[in-house]
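Take a look at the structure below.
This is the structure in structure tokens:
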């Protein structure tokens, strides 16, 4: 019997309705401006959709739910008609991020197969920070910002993914947990930051393996295909500096080179050997002085498609200008691109952004000797 | 037939039962050499009647165009006229040896020569090679010709082939096999190749573009002229995937649109039987500038003082052979017979009827199923098989269609339409069949809303119920005996 930990961040999404661009640290202000809680409504929509799918299923799995009290989960599960619900954390009426952490800790202690939550990027971060990188996590979108890879597109989509995962139709893939710096965001600045990776039920990449036969390929295997292309390219350019950016897609390049690539940092490779790890801006600039030929390898972050955000502090406008926009190599799996229709740039340098935008499309490596032109957001 | 599992020949086996009695020997008996004897063969022991009934029963489980409607998009499952089979079995065709001297097979060479001429006329090309053994083989051939063309001009930096994201999966596969890098181009909101993307992609590293027109959404590319011009202007060649020629034959010629090289699928447009692994045939047509690169041998005709004769010859700059001898000759005979029977007018009418039938189905089904690109289509169209809020997906609709006696459409292709069902009725189906299919699809959409479990558990009427496709793909059991020996 699958055991699912279920958690709602009841204040998620409130800031967005009243123009606050996020609710982190400003929930009281949101309420003052007249925001009403909406996370429970989104969660209920997903749970009801999931219940309907279970009822329509020939062999529905019986699910044991572990949750937190009241509007942090229990209420919505009961409203959706689920019976096997155990409350493992009781929160006060004014819940905080501490309650998120406490509930997740209790899920882990009790033993769950997956954590389903409703919230935004902040909630995803709080949950994954405790749950770690090995616990499957799936999000019902209710926040203001949902750039992390764990979210369904809509509550109904999340329900569909969960159903198919429990039925064994789809497997897990490693995705990125990202968040914006909300203080900067409120000042109309984008600052996307990659925090960690997490496992999530993932709709596979469909591949056409013959005229009318479709098979799905493992997301990690596709990352390895992409990485093999890069390994060949790096070997074909001796003496060129390759700066490997953050994220799990670029991390796979490290696997192909048999080096230990940091997930969050920027590492440097030349002649297929590591020459720097987790580099700061100054260290990168020094390397750029030494290597006249250089390439920067990046993968878009989150569904919003940010290729360069201010979250990548070491990749300052000075660094990007020095490398040259023509020397940026972009990698992505087709499944990630399917959720990322546009690439966005935010280098912190308007002229540089304008240069990238003027290209209209950028080639993205999506497999071994396969690339795809992807539109750049205007 | 529900639950009526047919036993295997091993399960039917009875010790010491046999099909034939050999007469007593009229020569002295000799023992078989012992090193050649095996006791562990475990062969089934059956009478002739057991064997006949077993295989007849198995054959009746087959579904083909001869048993019912088969709207498999992109595959053009049209009727294969039986007269073509009779013609292909004539001894002069069936018993010719590929090593016979040309003088002794002049009739067969004449057939190949005429077929080359006809396909060149139908496609608007300067020359045709009948060598390739399948559509994807034709793609690979065309790409090798593309490379040879650029190299012959000393142009060595063209490494990229542009391919729209609606293309058949064989296009990027052939591209990679031929040593190029495939660059996918996005489609625009109307289902065309995004013209802006073509403009951005075109530079001096582009070897060519592969275009399927009509594309796999069944839509005629509205900017085809502009796309061809852009690619040619940057020095690239235009490859045509002729899989969807059944919408164009007799009406429009890819060569006239500026295509340099294209394969024909004889088993689609020209009604030769679909493989099951072969034999197929994917002849390649080429423009004047590519003609000399065609694979050979091709058939040439000469008339001089000694008379008229047909000969096999290699084009001047040929990429060489891509198949043994002269390709799959039996398929060439069938396609020849088909074209001969229909003639110019008949081919055009076939294309018109194929397009009319597909548009009829689209309009009849668009209320029950979402049609994402709902505009006049060509010989096929794509709808979404997902019924919102019910959990019913394209695969479920397809499985349920089996209960209604129809072969399902192509599932989950093209990839740019989620939950795609790609429907191609072909010209050989009459209105009552199309109406019966519409009624079945509408009934399934209704069932999905009223009783989704019925659809999700389908099929109910087939000898085997729904298979666990994930398990089947991951735990291969390839023989009946492997099953019993599996841990």
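Chains as they are written, first to last, in this note's numbering: chain A, 22 to 399; chain B, 205 to 691.
The C-beta atom is built at its ideal place from N, Cα and C for all residues, glycine as well.
- As far as DSSP is concerned, residue 529 of chain B takes part in no beta bridge.
- With a contact defined as Cβ atoms closer than 8 Å, residue 423 of chain B and residue 626 of chain B miss out at about 12 Å.
- In the DSSP assignment, residue 363 of chain A falls within the beta strand (DSSP E) that extends over 363 to 366.
- Residue 395 of chain B sits away from residue 375 of chain B, with the two beta carbons spaced by 8 Å or more.
- Sequence-ordered contacts of the segment 351 to 383 of chain A with chain B read 380, 381, 382 [C-beta pairs closer than 8 Å].
- Judged by beta-carbon spacing, residue 306 of chain B lies beyond the 8 Å limit of residue 315 of chain B, meaning their Cβ atoms are not closer than that value.
- The segment 339 to 355 of chain B makes no contact with the segment 552 to 563 of chain B: fewer than 3 CB pairs, one atom from each, lie closer than 8 Å.
- By the neighbour-count criterion, in which a residue is buried when 16 or more other Cβ atoms sit within 10 angstroms of its Cβ, residue 664 of chain B is exposed.
- When 8 Å is used as the limit between beta carbons, residue 184 of chain A is near these residues of chain B: 595, in chain order.
- When C-beta distances to chain A are compared with 7 Å, the residues of the segment 384 to 400 of chain B below that value are 385, 386, 387, 388, 389, 390, 400, in chain order.
- For the 8 Å CB-CB criterion, residue 169 of chain A and residue 142 of chain A form a contact.
- Taking 8 Å as the upper bound for CB-CB distance, residue 384 of chain B and residue 363 of chain B are in contact here, some 6 Å apart.
- In the displayed model, residue 93 of chain A falls within a helix according to three-state DSSP.
- Between residue 439 of chain B and residue 458 of chain B a beta carbon distance of about 20 Å is seen, past the 8 Å cut, so the two are scored as non-contacting.
- A residue is called buried once 16 or more other Cβ atoms fall within 10 Å of its Cβ, and residue 250 of chain A is buried on that count.
- The C-beta of residue 279 of chain B has 16 or more other C-beta atoms within 10 Å across all chains shown, which makes the residue buried.
- At a cut-off of 8 Å between beta carbons, residue 316 of chain A makes no contact with chain B.
- Distance from the Cα of residue 222 of chain A is smallest, within the candidate group A:171, A:104, A:145, for A:171.
- Between residue 292 of chain B and residue 300 of chain B, the CB-CB gap reaches or exceeds 8 Å.
- Taking all protein chains shown into account, residue 678 of chain B has fewer than 16 neighbouring C-beta atoms within 10 Å of its C-beta and is therefore exposed.
- Under the DSSP definition of a beta bridge, residue 110 of chain A partners with A:89.
- Judged by pairs of C-beta atoms under 8 Å, the segment 384 to 398 of chain A does not touch the segment 277 to 285 of chain A, as fewer than three such pairs exist.
- Chain order gives the chain A residues near residue 657 of chain B as 76, 77, 78, 79, where near means a beta carbon separation below 9 Å.
- Considering only A:302, A:256, A:198, A:304, the residue with the shortest C-alpha distance to residue 268 of chain A is A:198.
- In the DSSP assignment, residue 401 of chain B falls within the alpha helix (DSSP H) that extends over 399 to 405.
- Taking 8 Å as the threshold, the shortest C-beta distance from residue 390 of chain A to chain B falls below it.
- In this chain, the alpha helix (DSSP H) harbouring residue 350 of chain B covers 339 to 356.
- Between the segment 559 to 576 of chain B and the segment 602 to 611 of chain B, the count of C-beta pairs closer than 8 Å stays below three; the two stretches do not touch.
- Counting only the Cα atoms, residue 121 of chain A lies some 20 Å from residue 52 of chain A.
- As the crow flies, the alpha-carbon of residue 276 of chain A is around 24 Å from that of residue 327 of chain A.
- Taking a beta-carbon distance threshold of 8 Å, residue 376 of chain B counts as an interface residue toward chain A.
- Relative to residue 368 of chain A, the option among A:343, A:357, A:391, A:385 whose CA is nearest is A:343.
- Taking a contact as a CB-CB distance under 8 Å, the pair residue 248 of chain A and residue 154 of chain A does not count as one, their CB atoms being some 19 Å apart.
- Residues of chain B with a Cβ closer than 9 Å to the Cβ of residue 396 of chain A are, in chain order, 390, 398, 400, 401.
- Looking at the DSSP output, residue 197 of chain A bridges to A:218.
- The DSSP-derived three-state label of residue 22 of chain A is coil.
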